[in-house]
Amino acid sequence: MRSMSSEQKVGLLLFDEPSASLDPTAEHDLFGRLRELRGSKTMVFSTHRFGNLTRHADVIL
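Take any residue in the sequence shown, count from 1 to its spot, add 1: that is its number in the numbering used here.
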């Protein structure tokens, strides 16, 4: 994952299968980092693995 800073002026982040090739530990770490950005960014995910998303999503379509 490329480095993302909450200081950047990006308000929308798009993710296509961000955890598809990650083991459970790496997936947990990824979503932990994304939670840090949650309040300041809009994030859209395309995924088949809903485990972490269902715990933190505001809306699931």
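The beta carbon of each residue, even a glycine, is placed where N, CA and C say it ideally should be.
Euclidean distance between Cα positions of residue i and residue j
{"i": "leucine 15", "j": "threonine 43", "result": "9 Å"}
{"i": "histidine 49", "j": "glutamate 18", "result": "7 Å"}
{"i": "serine 20", "j": "valine 60", "result": "19 Å"}
{"i": "glutamate 51", "j": "leucine 62", "result": "At residue 51 the sequence reads phenylalanine, which differs from the glutamate that was named. So the alpha carbons of these two residues sit roughly 11 Å apart."}
Minimum Cβ-Cβ distance from residue i to chain D less than 9 Å
{"i": "arginine 39", "result": "The displayed structure is made up of one protein chain only, and chain D is not part of it."}
Span of the alpha helix (DSSP H) around residue i
{"i": "threonine 43", "result": "Note, threonine 43: premise wrong, no alpha helix (DSSP H); beta strand (DSSP E) at 43-47."}
Residue i, DSSP secondary structure in three states
{"i": "leucine 23", "result": "coil"}
{"i": "leucine 38", "result": "helix"}
{"i": "aspartate 59", "result": "coil"}
{"i": "aspartate 32", "result": "For clarity, residue 32 is phenylalanine in the given sequence; the question names aspartate instead. It is helical."}
Continuous beta strand (DSSP E) stretch holding residue i: start and end
{"i": "leucine 15", "result": "13-17"}
Cβ-Cβ separation, residue j to residue i (assumed contact under 8 Å), whole Å
{"i": "histidine 108", "j": "arginine 39", "result": "This structure cannot settle anything about residue 108, because the visible part of the chain is limited to 2 through 62."}
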